[in-house]
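First to last, the protein sequences are chains A and B. Sequential numbering of the first sequence, starting at 1, is according to the numbering used here. Sequential numbering of the second sequence, starting at 1001, is according to the numbering used here. Where is the CB? At the ideal position from N, CA and C, for every residue including glycine.
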Amino acid sequence: MLMQYAVATPLRADDMTITKSKLPITLLAGLSLVGGLAGCSATVAEDPAPPAPPVETEPDAGGDAGASGSYADGTYSAAGEYQAPSGTETVDVTVTLAAGVITEVTVVGESEDAQARGYQERFSSGIGAVVVSKGIDEIQVDKVGGSSLTGAGFNTAIEAIKAEAAS
Amino acid sequence: MRRSRLKLPADQRSHRLDFEAIGTHWQIDTVDPVEDALRAAIADRVERYDRTWSRFRSDSLVSRIGERAGRWILPDEAAELFELYRDLYLATDGAMSPLVGRSLDAIGYDREYSLRPSASPVAAPTWDEAVAWDGEALTTLRPVRLDIGAAGKGHLVDLVGAVLQDAGHSQFVIDASGDIRHWGADVLRVGLEDPRDVTRAIGIARVSDAAICSSATNRRQWAPGLHHVVDAMTGLPTSTIVATWAIAPTALAADGLATALFFADPARLSELFDFHWVRMNAAGRVEFSPDLDGELFT
């Protein structure tokens, strides 16, 4: 389990444009990609899903855990089940790799959780807007409000786990 | 540095103070220079807060409270903090709780930053079975791991702001990396960082003499689905919402509401609090309060 958690940590938000961190990272854990993910881009097209354990995928022949992260280009798919507070949930995940980086992630989850489904329905019923983001340099702002930058202790711990995962 | 981007007229808040506190970067922009005595007062205010509330310090009051049940006299600032927490605890049906410390420990967000989850998540105890707050003292019926991370940073922004006001400053901005409060009569334009790409923004909010706080699960994520926004009822990190912004009169309220927006229907929160909000779900859809002063890029 540690390995699966650990290999996900190269995902630094500064380097990535991942729409939906959880499942793409989960899948990355299954693929055992370590490092070299800077600049990759992934898009989640479908519904969110509750926390899921790492999804088993069909690894490329050369894909040892902790290796350099070179995988054959192509599309990898996996289905997974996991235990959510509301019961067993399923999720289908498809990842497309090109030149060693993930170019597309599709996650299809069918949440039976009434609360989660309620949120999803409300969002998809027209209340939620699709936004088109703009580069911060293109807009005139005094400040940027976003997630907290992480502290030194947290970052140091992440680096240590990455090093351990790669060894 | 991304957060050093300031486009203000040179004759306005031209003085800037940078420092690290409670694990993150702080920037204070003032019209008048910050004298050494005021800097020391700010540092002292931060240190006292940290020494009381930090879950990450073994010498903090919160760490001592975690060791045994008892009646704990807390600093004056505790009253507004617990009042807000109690309101949000009820409004989120217990999902947002100051008793979530052990849940965070269990998923690896612990004092040593082990970032290694234990075998199973740990739900927080319910408020009434664990603690009682009487306005000046916290009575704990068992050892409880308090974690005020959902509102503490905003709270400290307010407290540091009060220190500046006491020293005669009336126009300034405190930016504690995601928790921003503006004092003065002008308008601060705040870009809403896109959690999918932190070089981009999904919109702009205009804030004047108020605070805007945001919370997102993208940055402080150390493993699949593991981040610091945890549902106290289950001990599990949230997944439906990925980013929130709240605009409120104080940073304490805005910070707490930003977390509550992960768990509660905004309409329900709006019945209790006068605030504006934006939030994004995991599929990238955004909803926002109809009276938001700002724009979203649609």
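The alpha helix (DSSP H) enclosing residue i, as first and last residue numbers
i        : result
V1286(B) : Run containing V1286(B): none in the alpha helix (DSSP H); it sits in the beta strand (DSSP E), R1285 to F1288.
A1267(B) : P1266 to L1272
V1062(B) : L1061 to I1065
R1039(B) : D1036 to W1053
I1258(B) : One detail in the question is off: residue 1258(B) reads as Ala in this sequence, not Ile. Counting along the chain, the alpha helix (DSSP H) containing A1258(B) begins and ends at A1251 to A1260.
D1158(B) : G1152 to D1166
D1326(B) : The displayed coordinates of chain B run from 1001 to 1298. Any statement about residue 1326(B) would go beyond what the structure contains.
G1101(B) : G1101 to A1106
Element boundaries [beta strand (DSSP E), containing residue i]
i        : result
H1015(B) : H1015 to A1021
A1132(B) : V1131 to W1133
D1175(B) : F1172 to D1175
Q1027(B) : T1024 to T1030
G145(A)  : K143 to G145
M1280(B) : H1276 to N1281
Proximity below 8 angstroms, CB of residue i to CB of residue j
i        : j        : result
L1081(B) : L1252(B) : yes
G1235(B) : R1145(B) : no
I1180(B) : V1187(B) : no
G1191(B) : I1204(B) : yes
S1097(B) : A1069(B) : no
H1182(B) : D1032(B) : no
R1200(B) : D142(A)  : no
R1111(B) : R1055(B) : yes
G146(A)  : A1211(B) : no
R1306(B) : G1294(B) : Absent from the model: residue 1306(B). The displayed extent of chain B is 1001 to 1298, so no value can be given.
V1034(B) : A1232(B) : no
A1095(B) : G1135(B) : no
V1163(B) : A1248(B) : no
R1285(B) : V130(A)  : yes
Bridge partner(s) assigned by DSSP for residue i
i        : result
S1215(B) : T1244(B)
G1203(B) : L1192(B) and L1296(B)
S1237(B) : Here the sequence assigns Pro to residue 1237(B), which means Ser is not the residue at that position. Bridge partners of P1237(B): V1230(B).
A1137(B) : I1073(B)
R1181(B) : I1174(B) and A1211(B)
H1169(B) : In DSSP, H1169(B) forms no bridge with anything.
G1149(B) : According to DSSP, which records beta bridges pairwise, G1149(B) is partnered with nothing at all.
D1197(B) : D1194(B)
G1094(B) : Per DSSP, none; premise fails for G1094(B).
Cβ-Cβ separation, residue j to residue i (assumed contact under 8 angstroms), whole Å
i        : j        : result
D1291(B) : H1276(B) : 6 angstroms
W1053(B) : V1046(B) : Wrong, their Cβ atoms sit about 11 angstroms apart, outside the cutoff.
T1238(B) : F1262(B) : 5 angstroms
S1214(B) : A1258(B) : 6 angstroms
V1230(B) : A1282(B) : The Cβ separation is near 16 angstroms, so there is no contact.
R1051(B) : L1017(B) : About 21 angstroms; that fails the 8 angstroms criterion.
A1137(B) : R1071(B) : 5 angstroms
Residue i: CB within 7 angstroms of a non-hydrogen atom of the ligand GDP
i        : result
A1211(B) : The ligand GDP is not part of this structure, which contains no ligands at all.
Residue-level contact to chain E via CB, residue i, 8 angstroms cutoff
i        : result
V1230(B) : Included in the structure are the protein chains A and B, with no chain E among them.
### Message
Does the structure place the stretch 1153–1169 of chain B close enough to the stretch 1019–1028 of chain B that three or more beta carbon pairs sit under 8 angstroms?
### Response
Contact between the stretch 1019–1028 of chain B and the stretch 1153–1169 of chain B is present, because at least three Cβ pairs lie under 8 angstroms.
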